[in-house]
Amino acid sequence: MAGAELCGLPVVLQISQNAVRYHGSLAPFAAACLRLAETATVPVLVHLDHVEDEELISEGLALGITSVMFDAAACRTRRT
Numbered sequence: 817m818a819g820a821e822l823c824g825l826p827v828v829l830q831i832s833q834n835a836v837r838y839h840g841s842l843a844p845f846a847a848a849c850l851r852l853a854e855t856a857t858v859p860v861l862v863h864l865d866h867v868e869d870e871e872l873i874s875e876g877l878a879l880g881i882t883s884v885m886f887d888a889a890a891c892r893t894r895r896t
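Numbers 817 to 896, taken from the working numbering, label the letters of the sequence shown in order.
Have a look at this one:
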């Protein structure tokens, strides 16, 4: 954030599913990133990246994250 603000350029704060696992939950991590985005002097996008867990996507959207990359590579084929 400091570098983006120093340069006056927009930035993407990217949260991976692995980072959420490492930190134990999404809510506090997302809250910190969203707060940084709200107070920044440059445009900031908070993004969930390469998420395989649909519940994590729902949680992120409910928390205010508006950019998600769903990684369907690990999904199993569903047969009806």
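From the three backbone atoms N, C-alpha and C, an ideal C-beta is built for every residue, glycine too.
Coil, strand or helix - residue i by DSSP
i           : result
residue 829 : strand
residue 862 : strand
residue 841 : coil
Residue i and residue j closer than 9 Å at C-beta
i           : j           : result
residue 819 : residue 827 : yes
residue 833 : residue 879 : no
residue 849 : residue 822 : no
residue 842 : residue 875 : yes
Residue i versus the options, residue with shortest Cα-Cα distance
i           : options               : result
residue 888 : 844, 869 and 876      : 869
residue 882 : 862, 867, 838 and 835 : 862
residue 891 : 866, 884 and 856      : 866
residue 817 : 854, 844, 877 and 864 : 854
CB-CB length for residue i against residue j, believed under 8 Å
i           : j           : result
residue 858 : residue 825 : 6 Å
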